[in-house]
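Please read the structure below before turning to the comments.
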Amino acid sequence: MFKRRKQMSRVDRVRSVVWPDRGFGRLISYLIQRVKRMPGSTLSIAVGAAWGISVSFTPFIGLHLLVGLFMAYVCRGNLLACLFGTFVGNPWTFPLFFYLNYRLGAFIVTEFGGDVTSIGGTMSEFVTLFLADPPALIGALFLPIIIGALILGTIAWFAGFGFTYWAVAGWRAHRSKRLEAARLRRAAFRSENDNDAGMSAPMARPTGKDNGS
1424 MFKRRKQMSR VDRVRSVVWP DRGFGRLISY LIQRVKRMPG STLSIAVGAA
1474 WGISVSFTPF IGLHLLVGLF MAYVCRGNLL ACLFGTFVGN PWTFPLFFYL
1524 NYRLGAFIVT EFGGDVTSIG GTMSEFVTLF LADPPALIGA LFLPIIIGAL
1574 ILGTIAWFAG FGFTYWAVAG WRAHRSKRLE AARLRRAAFR SENDNDAGMS
1624 APMARPTGKD NGS
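Residues 1424 to 1636 in our numbering are what the sequence shown lists, from first letter to last.
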């Protein structure tokens, strides 16, 4: 029922991973709607999503899902929400995340008198080097990147937790109100039908004995 009419080629599948057919805006909206409708407690969903978002800032590309699932499991978070949270880290956001990690980490290291490998000051230079050889760049700048990732990842955890908790709690409250309103409408409709049926019921005819005959 839900299969594509036209099967995707391997090239199309790779392209859809890098750039979804309907854009990232549609994908993000879909993920948010899926997370809001997940079963489980609001707290566990928020914790799971927060870990998925947080680990996306770390330089351990390829291990984000495993690390996120492990941390979510330890903290009793929702594992499916964690999976969706890791979608924050993708080929389009990794260069930005790691550049911010590097700039923040380099600032902290130099403030404490340490030496940091310089790659230039612009983000375009960083992105160019990152796309050319991500492991080599991360290896050369590992210390400032990991320091920045710990700080920004922590901030992302609390931001992701707060946003997810607010979104899920708000949607559930709205859904509860809609269900309650629907229940009241059904109850009022049944009551009105019962009243109409009672008023339209025919009166019993008097018998001859009642008339004294």
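Quick reminder that beta carbons are idealized off the backbone N, C-alpha and C, glycines included.
Fair warning: this is a prediction, and the values are worked out from it, not measured in the lab.
Range of the contiguous alpha helix (DSSP H) that encloses Phe1530: Element bounds for Phe1530: Phe1517 to Glu1534.
Leu1454 (DSSP reduced to helix, strand or coil): Helix.
Any 3 or more C-beta pairs closer than 8 angstroms across the stretch 1548-1559 and the stretch 1516-1525: yes
C-beta atoms of Cys1490 and Val1478 nearer than 8 angstroms: Here the sequence assigns Val to residue 1490, which means Cys is not the residue at that position. Taking 8 angstroms as the Cβ cut-off, Val1490 and Val1478 qualify as a contacting pair.
Inter-residue Cα distance where the pair is Ala1555 and Tyr1453: 32 angstroms
Reduced DSSP category for Leu1387 - H, G, I as helix; E, B as strand; rest coil: It is not possible to answer for residue 1387, since the shown part of the chain is limited to 1424 through 1636.
Under 8 angstroms between C-beta atoms of Gly1508 and Gly1485: no
Contact check, Gly1576 vs Phe1480, beta carbons under 8 angstroms: yes
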